[in-house]
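Q:
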């Protein structure tokens with residue numbers, strides 16, 4: 018359909034996905050989410066983690082370890 022309407026514009030077949038993960042003292046959920054993303058078939062993904070001043074060192078450590086690996 019788009020090829021008929023816009024024949025002069027190439028249709029983009031690859032996309033970049035941006036994900037925002039918010040957290041506050043929930044390291045288990047952040048870990049589960051990051052592992053799921055790691056095992057996905059997505060290639061071009063930008064991950065932004067917003068930590069709302071967690072006071073659990075485990076949350077911060079988990080995020081740092083994941084991106085250092």
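In this note's numbering, the protein residues as written are 18 to 86.
Where a beta carbon is used, it is the ideal one built from N, C-alpha and C, also for glycine.
1) Helix, strand or coil: how does DSSP classify residue 47 here?
2) Which two residues bound the contiguous alpha helix (DSSP H) that contains residue 36?
3) May I have the straight-line CA-CA distance separating residue 44 from residue 85, to the nearest angstrom?
4) Could you tell me the alpha carbon to alpha carbon distance between residue 61 and residue 33, rounded to whole angstroms?
5) Take residue 7 as the anchor and find which of 36, 40 and 79 has the nearest alpha-carbon.
A: The answer reads as follows:
1) Look at residue 47 here: in three-state DSSP terms it is helix.
2) No alpha helix (DSSP H) holds residue 36; the beta strand (DSSP E) holding it covers 34-40.
3) Each residue's Cα considered, the two are about 17 angstroms apart.
4) Those two C-alpha atoms are separated by around 5 angstroms.
5) Any answer about residue 7 is impossible in this case: the structure gives the chain only from 18 up to 86.
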